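This report concerns only the one structure given below.
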Amino acid sequence: METAEIINRGKQGKTFSEFYQGLVNYLNSTDPAALSAKELADYNYTKLNVQRMKRIISTYKISESTAELLGKNKCGMFWLVITEGWCGDSAQSLPVISAIADAAPGVELRIIERDQNPDIMDLYLTDGKKSIPKVAGFSDEGEQLFIWGARPSNLQELVVQRISEGVSSEKWHEEVHAWYAKDKGLSVEAEFCEIVKKCYEVDVL
22 METAEIINRG KQGKTFSEFY QGLVNYLNST DPAALSAKEL ADYNYTKLNV QRMKRIISTY
82 KISESTAELL GKNKCGMFWL VITEGWCGDS AQSLPVISAI ADAAPGVELR IIERDQNPDI
142 MDLYLTDGKK SIPKVAGFSD EGEQLFIWGA RPSNLQELVV QRISEGVSSE KWHEEVHAWY
202 AKDKGLSVEA EFCEIVKKCY EVDVL
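Okay, so the sequence shown: first residue is 22 according to my numbering, each after it adds one.
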(Lines of atoms letter the chains of each structure in order from A and count residues from 1; the text may use other names and numbers.)
(Lines give C-alpha, C1' and ligand atoms only; values in the text may rest on other atoms or scores of the structure.)
Protein backbone atom coordinates (compact mmCIF):
# COMPACT_ATOMS: atom_id res chain seq x y z
CA MET A 1 0.00 0.00 0.00
CA GLU A 2 1.32 3.43 -0.95
CA THR A 3 1.85 5.92 1.86
CA ALA A 4 -0.46 8.36 0.06
CA GLU A 5 -3.35 5.90 0.46
CA ILE A 6 -2.54 5.35 4.14
CA ILE A 7 -2.56 9.11 4.71
CA ASN A 8 -5.74 9.70 2.72
CA ARG A 9 -7.63 7.02 4.62
CA GLY A 10 -6.14 8.10 7.89
CA LYS A 11 -7.30 11.67 7.41
CA GLN A 12 -10.86 10.36 7.27
CA GLY A 13 -10.39 9.14 10.84
CA LYS A 14 -11.48 10.77 14.07
CA THR A 15 -9.93 13.47 16.20
CA PHE A 16 -9.21 12.45 19.77
CA SER A 17 -12.25 14.38 20.94
CA GLU A 18 -14.46 12.60 18.40
CA PHE A 19 -12.98 9.22 19.33
CA TYR A 20 -13.50 9.78 23.06
CA GLN A 21 -17.04 11.09 22.62
CA GLY A 22 -17.84 8.17 20.35
CA LEU A 23 -16.90 5.77 23.13
CA VAL A 24 -19.05 7.68 25.61
CA ASN A 25 -21.98 7.58 23.18
CA TYR A 26 -21.49 3.84 22.65
CA LEU A 27 -21.58 3.18 26.39
CA ASN A 28 -24.67 5.35 26.89
CA SER A 29 -26.60 3.80 24.01
CA THR A 30 -25.72 0.12 24.54
CA ASP A 31 -27.65 -2.35 26.68
CA PRO A 32 -25.03 -4.70 28.19
CA ALA A 33 -27.68 -7.40 28.65
CA ALA A 34 -28.07 -7.65 24.88
CA LEU A 35 -24.39 -8.31 24.21
CA SER A 36 -22.58 -11.56 23.54
CA ALA A 37 -19.87 -12.67 25.96
CA LYS A 38 -17.08 -11.15 23.84
CA GLU A 39 -19.05 -7.97 23.20
CA LEU A 40 -19.73 -7.63 26.91
CA ALA A 41 -16.04 -8.04 27.71
CA ASP A 42 -15.15 -5.33 25.19
CA TYR A 43 -17.93 -3.13 26.58
CA ASN A 44 -16.57 -3.46 30.11
CA TYR A 45 -13.00 -2.77 28.98
CA THR A 46 -14.22 0.28 27.07
CA LYS A 47 -16.10 1.54 30.12
CA LEU A 48 -12.98 1.22 32.25
CA ASN A 49 -10.86 2.90 29.57
CA VAL A 50 -13.20 5.88 29.31
CA GLN A 51 -12.74 6.36 33.05
CA ARG A 52 -8.97 6.13 32.62
CA MET A 53 -8.93 8.65 29.78
CA LYS A 54 -11.20 11.04 31.67
CA ARG A 55 -8.78 10.97 34.61
CA ILE A 56 -5.72 11.54 32.43
CA ILE A 57 -7.38 14.34 30.48
CA SER A 58 -8.06 16.14 33.75
CA THR A 59 -4.66 15.55 35.37
CA TYR A 60 -1.99 15.42 32.65
CA LYS A 61 -0.19 18.62 31.75
CA ILE A 62 2.67 18.92 29.29
CA SER A 63 5.92 20.00 30.89
CA GLU A 64 7.22 23.48 30.13
CA SER A 65 10.28 22.12 28.31
CA THR A 66 8.13 19.93 26.07
CA ALA A 67 5.74 22.79 25.34
CA GLU A 68 8.69 24.99 24.39
CA LEU A 69 10.10 22.32 22.08
CA LEU A 70 6.78 21.67 20.37
CA GLY A 71 6.16 25.38 19.92
CA LYS A 72 9.24 25.63 17.70
CA ASN A 73 7.78 23.35 15.05
CA LYS A 74 8.28 24.69 11.53
CA CYS A 75 6.89 21.83 9.46
CA GLY A 76 3.58 20.04 9.07
CA MET A 77 3.08 16.47 10.14
CA PHE A 78 0.27 13.94 10.13
CA TRP A 79 0.08 11.47 13.00
CA LEU A 80 -2.05 8.39 12.38
CA VAL A 81 -3.12 6.40 15.44
CA ILE A 82 -4.39 2.84 15.07
CA THR A 83 -6.30 1.62 18.11
CA GLU A 84 -9.56 0.38 19.63
CA GLY A 85 -11.67 1.64 22.52
CA TRP A 86 -11.21 -1.55 24.53
CA CYS A 87 -7.40 -1.28 24.46
CA GLY A 88 -6.00 -0.51 27.91
CA ASP A 89 -2.59 0.67 26.68
CA SER A 90 -4.32 3.09 24.35
CA ALA A 91 -6.39 4.57 27.16
CA GLN A 92 -3.19 5.26 29.09
CA SER A 93 -1.19 6.76 26.20
CA LEU A 94 -3.63 8.34 23.77
CA PRO A 95 -4.66 11.36 25.89
CA VAL A 96 -0.97 12.23 26.31
CA ILE A 97 -0.19 11.79 22.62
CA SER A 98 -3.20 13.91 21.70
CA ALA A 99 -2.13 16.68 24.08
CA ILE A 100 1.35 16.66 22.55
CA ALA A 101 -0.09 16.88 19.03
CA ASP A 102 -2.36 19.75 20.07
CA ALA A 103 0.62 21.65 21.45
CA ALA A 104 2.64 21.34 18.23
CA PRO A 105 1.68 23.81 15.48
CA GLY A 106 1.21 22.02 12.18
CA VAL A 107 0.56 18.56 13.61
CA GLU A 108 -2.69 16.85 12.64
CA LEU A 109 -3.71 13.72 14.54
CA ARG A 110 -6.38 11.26 13.44
CA ILE A 111 -7.49 7.94 14.85
CA ILE A 112 -8.67 4.86 12.95
CA GLU A 113 -9.95 1.62 14.41
CA ARG A 114 -7.75 -1.43 14.02
CA ASP A 115 -10.43 -3.99 13.24
CA GLN A 116 -12.02 -1.83 10.54
CA ASN A 117 -8.67 -1.27 8.83
CA PRO A 118 -6.89 -4.66 8.83
CA ASP A 119 -4.84 -3.87 5.72
CA ILE A 120 -3.32 -0.80 7.35
CA MET A 121 -2.83 -2.59 10.67
CA ASP A 122 -0.93 -5.36 8.89
CA LEU A 123 1.67 -2.77 7.85
CA TYR A 124 2.45 -1.94 11.47
CA LEU A 125 2.70 -5.27 13.26
CA THR A 126 4.82 -5.71 16.39
CA ASP A 127 6.66 -9.04 16.28
CA GLY A 128 3.90 -10.31 14.00
CA LYS A 129 1.13 -9.20 16.36
CA LYS A 130 -1.55 -6.54 15.90
CA SER A 131 -0.50 -4.69 19.02
CA ILE A 132 -2.09 -1.29 19.62
CA PRO A 133 -1.93 1.63 19.86
CA LYS A 134 0.47 2.28 16.99
CA VAL A 135 1.32 5.77 15.79
CA ALA A 136 2.75 6.42 12.32
CA GLY A 137 4.03 9.91 11.53
CA PHE A 138 4.21 11.40 8.04
CA SER A 139 5.62 14.61 6.60
CA ASP A 140 3.61 16.95 4.38
CA GLU A 141 5.48 15.40 1.46
CA GLY A 142 4.13 11.95 2.35
CA GLU A 143 7.34 10.53 3.78
CA GLN A 144 6.91 8.20 6.74
CA LEU A 145 9.00 9.65 9.54
CA PHE A 146 8.42 7.39 12.52
CA ILE A 147 6.45 4.51 14.01
CA TRP A 148 5.69 4.39 17.73
CA GLY A 149 4.01 1.82 19.94
CA ALA A 150 2.43 -0.09 21.29
CA ARG A 151 3.93 0.91 24.65
CA PRO A 152 6.75 3.11 25.94
CA SER A 153 9.97 1.18 25.36
CA ASN A 154 10.89 0.75 29.03
CA LEU A 155 7.43 -0.63 29.79
CA GLN A 156 7.60 -2.97 26.81
CA GLU A 157 10.91 -4.32 28.12
CA LEU A 158 9.22 -5.03 31.44
CA VAL A 159 6.35 -6.84 29.74
CA VAL A 160 8.71 -9.00 27.68
CA GLN A 161 10.65 -9.86 30.83
CA ARG A 162 7.53 -10.78 32.81
CA ILE A 163 6.21 -12.97 30.00
CA SER A 164 9.58 -14.75 29.76
CA GLU A 165 9.36 -15.41 33.49
CA GLY A 166 6.04 -17.16 33.02
CA VAL A 167 3.98 -14.52 34.80
CA SER A 168 0.27 -14.84 34.02
CA SER A 169 -1.36 -12.42 31.60
CA GLU A 170 -3.70 -11.18 34.32
CA LYS A 171 -0.78 -10.44 36.63
CA TRP A 172 1.43 -8.61 34.17
CA HIS A 173 -1.52 -6.59 32.89
CA GLU A 174 -2.08 -5.43 36.48
CA GLU A 175 1.59 -4.46 36.65
CA VAL A 176 1.29 -2.57 33.36
CA HIS A 177 -1.50 -0.33 34.63
CA ALA A 178 0.27 0.19 37.96
CA TRP A 179 3.32 1.29 35.95
CA TYR A 180 1.24 3.76 33.93
CA ALA A 181 -0.30 5.18 37.12
CA LYS A 182 3.14 5.76 38.62
CA ASP A 183 4.67 7.12 35.39
CA LYS A 184 1.89 9.71 34.84
CA GLY A 185 2.53 9.97 31.09
CA LEU A 186 6.15 11.09 31.44
CA SER A 187 7.64 8.23 29.41
CA VAL A 188 5.25 8.77 26.51
CA GLU A 189 6.03 12.48 26.63
CA ALA A 190 9.78 11.83 26.67
CA GLU A 191 9.63 9.44 23.72
CA PHE A 192 7.62 11.88 21.63
CA CYS A 193 10.10 14.61 22.55
CA GLU A 194 12.81 12.44 20.99
CA ILE A 195 10.62 11.99 17.92
CA VAL A 196 10.18 15.76 17.75
CA LYS A 197 13.92 16.34 17.95
CA LYS A 198 14.55 13.97 15.06
CA CYS A 199 11.65 14.94 12.82
CA TYR A 200 10.99 18.64 13.35
CA GLU A 201 13.01 21.43 11.80
CA VAL A 202 13.83 23.16 15.07
CA ASP A 203 16.85 24.30 16.98
CA VAL A 204 16.86 22.26 20.15
CA LEU A 205 18.81 23.79 23.01
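Glycine is no exception: its CB is placed at the ideal position from the N, C-alpha and C atoms. In this text the structure is predicted, and so the values were computed from the model without any measurement.
Around the CB of E210, 16 or more other CB atoms lie within 10 Å, so the residue is classed as buried. L130 and F37 do touch by the CB rule: their CB atoms are close to 7 Å apart, below 8 Å. As the crow flies, the alpha-carbon of I153 is around 12 Å from that of I132. Taking a 10 Å sphere around the C-beta of E212, we find 16 or more other C-beta atoms and assign the residue as buried. One alpha carbon belongs to A62, the other to N49, and they sit about 16 Å apart. Residue range 58-80 is occupied by the alpha helix (DSSP H) that includes K59, with no beta strand (DSSP E) assigned at that position. Cβ contact annotation for L146 (same chain, cutoff 8 Å, sequence separation greater than five): S152, in chain order. According to DSSP, E134 shares a beta bridge with T104. Here M74 is buried. Its C-beta has 16 or more other C-beta atoms within 10 Å. Its Cα nearest to that of T80, the residue L207 stands out among V217, I216, L207, K219. Shown here, A112 sits in a helix according to DSSP, grouped into three states. By the CB criterion at 8 Å, I121 and K155 fall outside the cutoff. Look at A171 here: in three-state DSSP terms it is coil, with no helix or strand label. Of all C-beta pairs linking the region 106-113 to the region 187-201, three or more are shorter than 8 Å, placing the two stretches in contact.
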